[in-house]
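Asks: For reference, the structure I am asking about is given below.
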(Lines of atoms letter the chains of each structure in order from A; the text may use other names.)
(Lines give C-alpha, C1' and ligand atoms only; values in the text may rest on other atoms or scores of the structure.)
Protein backbone atom coordinates (compact mmCIF):
# COMPACT_ATOMS: atom_id res chain seq x y z
CA UNK A 1 0.00 0.00 0.00
CA UNK A 2 1.23 3.50 -0.70
CA UNK A 3 2.27 5.97 1.97
CA UNK A 4 -0.94 8.02 1.65
CA UNK A 5 -3.05 4.97 2.50
CA UNK A 6 -0.90 4.20 5.53
CA UNK A 7 -1.13 7.83 6.66
CA UNK A 8 -4.92 7.57 6.47
CA UNK A 9 -4.91 4.53 8.78
CA UNK A 10 -2.54 6.23 11.21
CA UNK A 11 -4.61 9.43 11.32
CA UNK A 12 -7.88 7.53 11.65
CA UNK A 13 -6.55 5.37 14.48
CA UNK A 14 -5.15 8.39 16.33
CA UNK A 15 -8.53 10.14 15.94
CA UNK A 16 -10.27 7.09 17.42
CA UNK A 17 -7.69 6.92 20.21
CA UNK A 18 -8.30 10.58 21.15
CA UNK A 19 -12.06 9.92 21.19
CA UNK A 20 -11.56 6.99 23.54
CA UNK A 21 -9.47 9.18 25.83
CA UNK A 22 -12.23 11.82 25.87
CA UNK A 23 -14.81 9.15 26.72
CA UNK A 24 -12.58 7.80 29.47
CA UNK A 25 -12.08 11.30 30.92
CA UNK A 26 -15.85 11.95 30.74
CA UNK A 27 -16.59 8.64 32.44
CA UNK A 28 -14.10 9.36 35.19
CA UNK A 29 -15.52 12.85 35.76
CA UNK A 30 -19.09 11.50 35.89
CA UNK A 31 -18.12 8.86 38.45
CA UNK A 32 -16.37 11.46 40.63
CA UNK A 33 -19.37 13.82 40.48
CA UNK A 34 -21.77 10.94 41.15
CA UNK A 35 -19.82 9.85 44.21
CA UNK A 36 -19.76 13.45 45.41
CA UNK A 37 -23.53 13.69 44.96
CA UNK A 38 -24.01 10.50 46.93
CA UNK A 39 -21.90 11.90 49.75
CA UNK A 40 -23.79 15.22 49.74
CA UNK A 41 -27.20 13.56 49.56
CA UNK A 42 -26.38 11.37 52.56
CA UNK A 43 -25.18 14.21 54.79
CA UNK A 44 -26.93 17.40 53.70
CA UNK A 45 -30.67 16.94 53.43
CA UNK A 46 -32.20 19.67 51.32
CA UNK A 47 -28.84 20.96 50.08
CA UNK A 48 -29.77 23.47 47.35
CA UNK A 49 -33.31 22.06 47.59
CA UNK A 50 -32.09 18.66 46.38
CA UNK A 51 -33.47 15.93 48.58
CA UNK A 52 -31.56 12.77 49.41
CA UNK A 53 -33.63 10.60 47.07
CA UNK A 54 -33.16 12.93 44.12
CA UNK A 55 -29.41 13.17 44.75
CA UNK A 56 -29.08 9.40 44.83
CA UNK A 57 -31.13 9.08 41.62
CA UNK A 58 -28.98 11.71 39.92
CA UNK A 59 -25.82 9.92 41.06
CA UNK A 60 -27.14 6.59 39.77
CA UNK A 61 -27.95 8.13 36.38
CA UNK A 62 -24.46 9.60 36.16
CA UNK A 63 -22.91 6.24 36.99
CA UNK A 64 -25.03 4.66 34.25
CA UNK A 65 -23.92 7.36 31.78
CA UNK A 66 -20.28 6.71 32.73
CA UNK A 67 -20.77 3.02 32.02
CA UNK A 68 -22.32 3.80 28.63
CA UNK A 69 -19.40 6.12 27.74
CA UNK A 70 -16.92 3.42 28.74
CA UNK A 71 -18.61 0.75 26.62
CA UNK A 72 -18.91 3.06 23.59
CA UNK A 73 -15.27 4.04 23.88
CA UNK A 74 -14.17 0.42 24.21
CA UNK A 75 -16.14 -0.59 21.11
CA UNK A 76 -14.70 2.27 19.01
CA UNK A 77 -11.05 1.41 19.74
CA UNK A 78 -10.59 -0.65 16.60
CA UNK A 79 -8.08 -0.92 13.79
CA UNK A 80 -9.27 1.19 10.82
CA UNK A 81 -8.05 -1.49 8.41
CA UNK A 82 -9.37 -4.78 9.82
CA UNK A 83 -11.92 -3.43 12.39
CA UNK A 84 -10.59 -5.64 15.18
CA UNK A 85 -10.18 -4.44 18.75
CA UNK A 86 -6.54 -3.64 19.46
CA UNK A 87 -5.96 -6.38 22.00
CA UNK A 88 -2.68 -7.52 23.38
CA UNK A 89 -0.84 -8.15 26.57
CA UNK A 90 2.39 -7.39 28.27
CA UNK A 91 3.94 -8.41 31.54
CA UNK A 92 1.51 -6.38 33.65
CA UNK A 93 -1.69 -6.01 31.66
CA UNK A 94 -3.99 -8.20 29.61
CA UNK A 95 -6.50 -6.45 27.40
CA UNK A 96 -6.47 -3.35 25.24
CA UNK A 97 -3.11 -2.07 24.01
CA UNK A 98 -3.20 1.66 24.65
CA UNK A 99 -0.71 3.07 22.13
CA UNK A 100 0.37 0.34 19.70
CA UNK A 101 2.90 0.78 16.92
CA UNK A 102 0.90 -1.53 14.64
CA UNK A 103 -2.23 -3.64 14.61
CA UNK A 104 -1.49 -7.03 16.18
CA UNK A 105 -3.85 -8.74 13.71
CA UNK A 106 -3.20 -7.19 10.29
CA UNK A 107 0.14 -5.47 10.90
CA UNK A 108 -0.90 -2.02 9.61
CA UNK A 109 1.08 0.83 11.23
CA UNK A 110 -1.00 2.81 13.73
CA UNK A 111 1.60 5.37 14.80
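In the UniProt record's numbering, the protein residues as written are 1 to 111. Where a beta carbon is used, it is the ideal one built from N, C-alpha and C, also for glycine. Given the structure is predicted, the values throughout are model-derived calculations rather than measurements.
Entirely within the stretch 15 to 45 and at least 4 residues each: give me those alpha helix (DSSP H) ranges in chain order.
Replies: Counting whole runs of 4 or more residues, the stretch 15 to 45 contains no alpha helix (DSSP H) stretch at all.
Asks: In the DSSP assignment, find the beta strand (DSSP E) that holds residue 88 and state where it starts and stops.
Replies: On the chain shown, residue 88 is found 88 positions in, with the first residue counted as 1. Here the beta strand (DSSP E) through residue 88 covers 87 to 89.
Asks: Less than 9 Å between the beta carbons of residue 111 and residue 82, yes or no?
Replies: Your numbering for residue 111 matches position 111 in the chain shown. Your numbering for residue 82 matches position 82 in the chain shown. No, they are not a contact pair.
Asks: In or out: residue 27 buried (at least 16 other Cβ within 10 Å) or exposed?
Replies: Against the chain shown, residue 27 aligns to sequence position 27. Residue 27 comes out buried.
Asks: So, helix, strand or coil for residue 102, using DSSP?
Replies: In the chain shown, the residue the question calls residue 102 occupies position 102. Correct three-state label for residue 102: strand.
Asks: Which same chain residues end up closer than 6 Å to residue 34 when comparing Cβ atoms and leaving out the 5 residues on each side of it in sequence?
Replies: What you label residue 34 is simply residue 34 of the chain shown in a count that begins at 1. Excluding positions up to five away in sequence, the list reads 59, 62, 63.
Asks: With H, G and I counted as helix, E and B as strand and the rest as coil, what does DSSP make of residue 5?
Replies: Position 5 of the chain shown holds residue 5. Here residue 5 sits in helix by DSSP.
Asks: Is it the case that the Cβ atoms of residue 77 and residue 16 are separated by a distance below 9 Å?
Replies: To locate residue 77, count along the chain shown from 1; it is residue 77. To locate residue 16, count along the chain shown from 1; it is residue 16. Closer than 9 Å, so yes.
Asks: Enumerate in chain order the residues of its own chain whose CB-to-CB distance from residue 97 is below 6 Å, with the five nearest sequence positions on each side excluded.
Replies: To locate residue 97, count along the chain shown from 1; it is residue 97. Counting only Cβ-Cβ distances below 6 Å, and skipping sequence neighbours, we find 86, 88.
Asks: Using only alpha-carbon positions, find the residue among 9, 20, 54, 3 that is nearest to residue 73.
Replies: As a first step, residue 73 must be located in the chain shown, where it is residue number 73. Ranking the options by Cα distance to residue 73, first place goes to 20.
Asks: Using a Cβ-Cβ cutoff of less than 8 Å, which residues in the same chain neighbour residue 10 once the five nearest sequence positions on both sides are dropped?
Replies: Position 10 of the chain shown, counting from 1, holds the residue named residue 10. Within the same chain, and ignoring the five residues on either side of residue 10 in sequence, the residues whose Cβ sits closer than 8 Å to its Cβ are 109, 110, 111.
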